[in-house]
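Just below is one structure, and these are the notes that go with it.
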Amino acid sequence: MRCFEGFPCPAYLNYAQAAFGQPFALMGESSLHLFYVDESGSVADPSQKYFVLAGVAIFERKTHWVEQDLNAIATKFNAVTPHNIELHGSPMRSGRDGWKAHPLADRLAAIKDALQHGVANHHPKGVRLFGAVVN
């Protein structure tokens, strides 16, 4: 793989290309991906056995369609301003941040729908998942 004016890419870019496929938006390529990354666990806490880092990369021209799908799910919880709803699994499952006002079954269904319609239905055409677990 050549990255910029014929110079070879560092090894980590080759790994990234293998993970995300073509086109990979770095160093001279003509595309852009937006990333959302979140973590679970704490490296500094010895009582936690695992640290998980996971995320999603969305091709810039795909964000509108992903947003439409996610807003349709959020509308079930706030029809007036669905874009103000954060579809974040941990608060939705636990009932934090106002989610307790909605039945658990509806919250769990929304998590499943967000993963299906916001990510899986768009993969691999513009949406890629990635993650790492550290023991």
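Under UniProt numbering, the residue at position 96 of the sequence shown is numbered 96, and the numbers go up by one with no gaps. Every residue gets a Cβ at the ideal spot worked out from N, C-alpha and C, and that includes glycine.
Give the straight-line distance between the Cα atoms of residue i and residue j, rounded to the nearest whole angstrom.
i    : j    : result
S40  : N71  : 25 Å
K62  : G126 : 6 Å
D38  : S31  : 23 Å
P91  : H64  : 25 Å
H83  : I73  : 10 Å
V56  : A114 : 13 Å
F77  : Q48  : 33 Å
A54  : R128 : 11 Å
K112 : F130 : 18 Å
Report the three-state DSSP secondary structure of residue i (helix, strand or coil).
i    : result
P111 : It should be noted that the sequence gives Ile, not Pro, for residue 111. I111 falls in the helix class under three-state DSSP.
M27  : Interpretation of M27 is limited by its pLDDT of 48, a score under 50 that renders its predicted location unreliable; the figure taken from the coordinates is listed afterwards. Reduced to three states, the DSSP call for M27 is coil.
R61  : helix
H122 : helix
D106 : helix
A79  : coil
To the nearest whole angstrom, what separates the beta carbons of residue i and residue j, a pair I think is in contact under 8 Å?
i   : j   : result
L87 : I58 : About 14 Å; that fails the 8 Å criterion.
With respect to the beta strand (DSSP E) encompassing residue i, which residues constitute its N-terminal and C-terminal limits?
i    : result
P42  : In the sequence as displayed, the identity of residue 42 is Ser instead of Pro. Premise fails: S42 is in no beta strand (DSSP E) and is neither H nor E.
L129 : 127–134
May I ask which residues mark the beginning and end of the alpha helix (DSSP H) holding residue i?
i   : result
R93 : 89–94
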